[in-house]
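Take 1 as the starting number for the sequence shown in UniProt numbering and just add one per residue.
Every residue, glycine too, gets a C-beta built ideally from N, C-alpha and C.
Every value quoted in this text rests on a predicted model; they were computed, and no experiment measured them.
Reading through the structure tokens given below for one structure.
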Amino acid sequence: MMIMPDIHKGLDVYCDVSHLGLGCVLMQDGKVVAYASRQLSKHEQNYPTYDLELATVVHALKIWRHYVIRNKCQIFTDHKSLKYIFTQRGLNPRQCRWLELVKDYDLDIQYHPGKANIVADALSRKSQANMAIARLIPQELCWEMERLNLGIIYHTEAVTMEIEPIVEQEIRKGQLTDAKIKEIKTLIGLRKALDFTEDEQGTIWFRKRICVPDIDHLRELILKEAHDLAYSIHPDSTKMYQDFKDKYWWYGLKRDVATHLALCDVCQKVKAEYQRPAGLLQPLKVPE
């Protein structure tokens, strides 16, 4: 949800559908309230265009029922014949079923040319070219790129690319002086640390996770990037740990994640409490 709608004002829903999926936008006073889209199922892809356009309207009404059930709502679609759904005769069983649902709302269906319906049109379509290219990338290469925090950008004007995995460099440098890492290296040489491996650069890995040395500022940097930055959106403890355990390893990782979240001011102010509410305060007895 982008903004909180005013329940005393009307709402606008822009709908569009393609052979790949359907999309809709909920707006009020020219401002976006929410977006929604989904792929068409194998059976829905065989629906005629009229049914698909009506299915998009039904999808929007279902997911935004709590907004539009008591409000005047204008539906904008690029299928002109949908304007006459309430007076049309000879509907098929599917259309009759959907019409019963639509009649619960105070709707006014308007024709909106497809070229002007840019947002909903974009939500209903996907780029097939990028999907086709992605399938050509070997799975091993995808894993390696994910480990190095790399990605592929298509159709750009860039001619050079410089990559500086600063965090990984700091981890490699820190492993050289960490006592526990040195002990693990010794055990690897004696074949007593079966879950640990050493790559050609001398970096220690626990299975497929890089071992982070016991350096406070380095671990704090990793935790901060995974939780506090703008694109991290402050995940909860479980989500953050699940993401972490696929990439990093150190003793007490789960404990450190929980501690970092407990000290986060934003989480403490914003996140909802899931504990049972505390009881009423009880007065202390006056000593005799």
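Count the other C-beta atoms from every protein chain shown that fall within 10 angstroms of the C-beta of residue i, then say buried if there are 16 or more, exposed otherwise.
| i | result |
| --- | --- |
| P48 | exposed |
| D246 | exposed |
| Y14 | buried |
| F86 | exposed |
| L61 | buried |
| V270 | exposed |
| L280 | exposed |
| L11 | buried |
Tell me the rounded alpha-carbon separation between residue i and residue j.
| i | j | result |
| --- | --- | --- |
| L221 | D214 | 13 Å |
| R65 | C73 | 11 Å |
| P285 | A278 | Looking at the sequence itself, residue 285 is Lys, so the reference to Pro does not match. Whole-angstrom Cα-Cα distance: 20 Å. |
| residue 326 | R172 | Because the chain here runs from 1 to 288, residue 326 falls outside it and cannot be looked at. |
| I133 | G21 | Its pLDDT being 40, under 50, I133 is placed unreliably in this model, and the value from its coordinates should be taken loosely. Roughly 20 Å between the two C-alpha positions. |
| E198 | H217 | 24 Å |
| I75 | F244 | 44 Å |
| G174 | Q282 | 53 Å |
| K185 | I166 | 23 Å |
| E100 | S41 | 23 Å |
| M131 | E44 | Because M131 carries a pLDDT of 41, less than 50, the predicted location of this residue cannot be relied on, and the following value inherits that uncertainty. Cα-Cα distance, rounded: 21 Å. |
| G202 | Y251 | 20 Å |
| K208 | L176 | 19 Å |
| M161 | E200 | Bear in mind that the predicted position of M161 carries a pLDDT of just 43, short of 50, making it too unreliable to give a figure here. |
| N92 | I3 | 38 Å |
| G23 | R89 | 27 Å |
Give the single residue among the options whose Cα lies nearest to the Cα of residue i.
| i | options | result |
| --- | --- | --- |
| S18 | G10, S37, D29, K31 | S37 |
| D265 | L194, L20, H227 | H227 |
| D236 | F206, R94, E168, A262 | A262 |
| D6 | C24, K31, D78, R191 | K31 |
| H59 | V257, A193, L26 | L26 |
| F206 | Q95, G252, D195 | D195 |
| A258 | T238, K269, I233, Y251 | T238 |
| H79 | H43, D106, D16, W249 | D16 |
| W249 | E288, Y111, K180 | K180 |
| L82 | E53, Y67, R191 | E53 |
| V68 | D108, L99, V167 | D108 |
| H112 | C211, Y35, T77 | T77 |
| H234 | C267, G252, Y251 | C267 |
| N71 | E44, E100, Q28 | Q28 |
| K9 | Q201, D106, R89, E183 | D106 |
So residue i and residue j are supposed to be a Cβ contact under 8 Å. How far apart are they, rounded?
| i | j | result |
| --- | --- | --- |
| Y241 | K254 | 6 Å |
| D256 | R219 | 6 Å |
| R97 | D51 | Rounded, the Cβ-Cβ distance is 11 Å, inconsistent with contact. |
| E168 | I204 | Not confirmed; about 13 Å, so no contact. |
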